[in-house]
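With positions in the sequence shown counted from 1, the corresponding number in this note's numbering is that position plus 58. Heads up, the thing below is written out as structure tokens.
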Amino acid sequence: HTYINTTREIELVVDEVDDIVERLKTAEKRGQKNSDKEGEAAKLGSRSRLRGDTRDNTDETMADQKVALLSGLFDATMPKAHKSLAVPIIAPYALKLATSERESYRVRLDALRLLIVLADMPLTGKMLLDVGVYETMMAIINKRESWDDIPTTALDVISNICLHRGAKERLHKLGAPKLMRTLMEEPGFPGLQATLALTHLGSSESASLQLEEAKLNDLVQLLKSSIDGDVVYDIKWDLIPGPLSGINYLVEKNTSPEVYEQLLDLGLMEQLLCIIDETGDCRNRDAIEQSLEIIAALVNISERARHMVLLAEHTLHEAEQRFNQYGRIAAMASGVLDAAARKRGDEL
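Here it is as structure tokens:
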């Protein structure tokens with residue numbers, strides 16, 4: 059999508075979005091009238107068999123128009139500054155399109171994809187929940203016969219709201235942790251997406267989150283792919299929100315030595331050091347901070363993690379010097395080394 063004009067006035071966004079939605083509604087009404095006329099013509103027997111049935115072509119043309127208009131909304135709401143302005147206008151109508159049996163599969167799917175874009179920041183999570191997005195997406199998921207694109211994209215919508223954590227308390231009240239706990243047992247992408255969502259939600263506000271080793275492995279492998287820039291399930295995943303922040307929340311809510319050792323067995327420390335190391339592909343300050351937070355938590359619990367940190371002393375000293383202008387990162391790198399050395403000394 060190349061349409062986005064970042065220099066236009068924010069005030070124009072509402073007018074633009076409103077105009078596109080109105081054009082969508084007009085196209086919908088026109089399609090309804092055509093359908094009604096064709097139905098009457100069929101009842102009266104006035105449709106000529108020699109002329110053939112043009113209804114499918116008309117439906118396809120209307121679907122093309124709606125897909126093009128939805129694409130315009132997608133482009134207009136990509137900048138984060140536009141999303142909160144657009145949600146009240148777009149979300150109710152996108153829900154209507156996504157759940158209408160009269161709409162083509164393409165239109166329904168693109169309406170759901172538009173909701174994913176709107177959910178791509180903390181501020182819009184509550185706004186989307188206010189118009190019933192959670193209940194509607196859950197109904198689509200529960201009605202599924204298989205994990206085709208529509209229920210999978212509905213799960214994406216909920217997961218995106220979970221990942222950005224702006225509506226975390228509301229999601230807990232709605233039962234999202236229970237839903238994600240159930241869906242994480244699904245194979246492939248739905249299970250991975252639900253696992254990632256659950257790590258950002260937590261199983262409850264106070265209880266630690268327990269995951270099987272296979273799920274921990276999925277998170278660590280997704281982290282590795284994200285660092286390397288690899289595509290997984292047709293997605294190039296962000297670290298934050300994504301596997302790095304998910305693991306950070308998991309570690310934050312869990313003090314079980316067994317979980318920490320499992321994460322170390324799966325190669326988590328190596329991936330975290332890769333993010334910190336200047337030779338890594340990731341040059342994201344937030345990712346480096348979160349990596350150091352996870353390492354600090356591991357060091358606090360695990361003797362093995364402390365040993366690994368001391369072996370990586372050179373990498374952490376380099377990070378401390380390299381990010382000296384960013385006081386927090388430098389202090390965190392130094393603090394991790396000091397904590398590892400101190401606790402290691404106490405053990406000896």
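Note that the Cβ used here is the ideal one computed from N, Cα and C, for glycine as well.
- For T373, the uninterrupted alpha helix (DSSP H) segment begins and ends at 371–380.
- In the structure shown, the three-state DSSP call for I293 is strand.
- Counting other Cβ atoms within 10 Å of its Cβ, R364 reaches 16 or more and is therefore classed as buried.
- For K236, the enclosing alpha helix (DSSP H) has its first and last residue at 234–241.
- Residue burial annotation: P245 is exposed, with fewer than 16 other C-beta atoms found within 10 angstroms of its C-beta.
- Pairing A397 with L350 gives a Cβ-Cβ distance that is not under 8 Å.
- Under a 10 Å Cβ-count criterion, D276 is classified as buried, with 16 or more other Cβ atoms of the shown protein chains found around its own Cβ.
- In this structure, the alpha-carbon of L274 lies about 35 Å from that of A152.
- Measuring C-alpha to C-alpha distances from A345 to each of P299, A252, E271 identifies P299 as the nearest.
- The DSSP-derived three-state label of Q268 is coil.
- Rounded to the nearest whole angstrom, the CA to CA distance from E378 to P315 is 28 Å.
- In this structure, the straight-line span from the alpha carbon of R223 to that of L254 is close to 12 Å.
- Across the structure, D168 and E371 are spaced so that their CA atoms are roughly 49 Å apart.
- Check the Cα spacing between T194 and each of T182, E203, I208: the tightest is with I208.
- Its chain contains L297 as the residues whose beta carbon lies nearer than 7 Å to that of N342, once the 5 sequence neighbours on both sides are disregarded; these appear in chain order.
- When DSSP assignments are scanned along the segment 124–154, no uninterrupted stretch of alpha helix (DSSP H) that is 4 or more residues long falls wholly within it.
- Setting aside the 5 residues that flank it on each side, I333 is surrounded in the same chain by I285, C340, A345, I346, S349, each with a C-beta closer than 7 Å to its C-beta; the list follows chain order.
- Rounded to whole angstroms, L170 and A156 show a C-alpha spacing of 6 Å.
- Ranked by Cα distance from K124, the options K138, H258, R160, W295 are led by R160.
- L131 places its beta carbon less than 8 Å from that of I78.
- Linking A399 to N306 through their CA atoms gives a straight-line distance of about 22 Å.
- Annotation: Y163 to L213 spans about 17 Å, alpha carbon to alpha carbon.
- Of I199, L82, M327, A149, the smallest CA-CA separation from L368 is found for M327.
- Of the candidates H140, D122, L302, the residue whose Cα lies closest to the Cα of D73 is H140.
- In the three-state scheme derived from DSSP, where H, G and I count as helix and E and B as strand, D178 is classed as coil.
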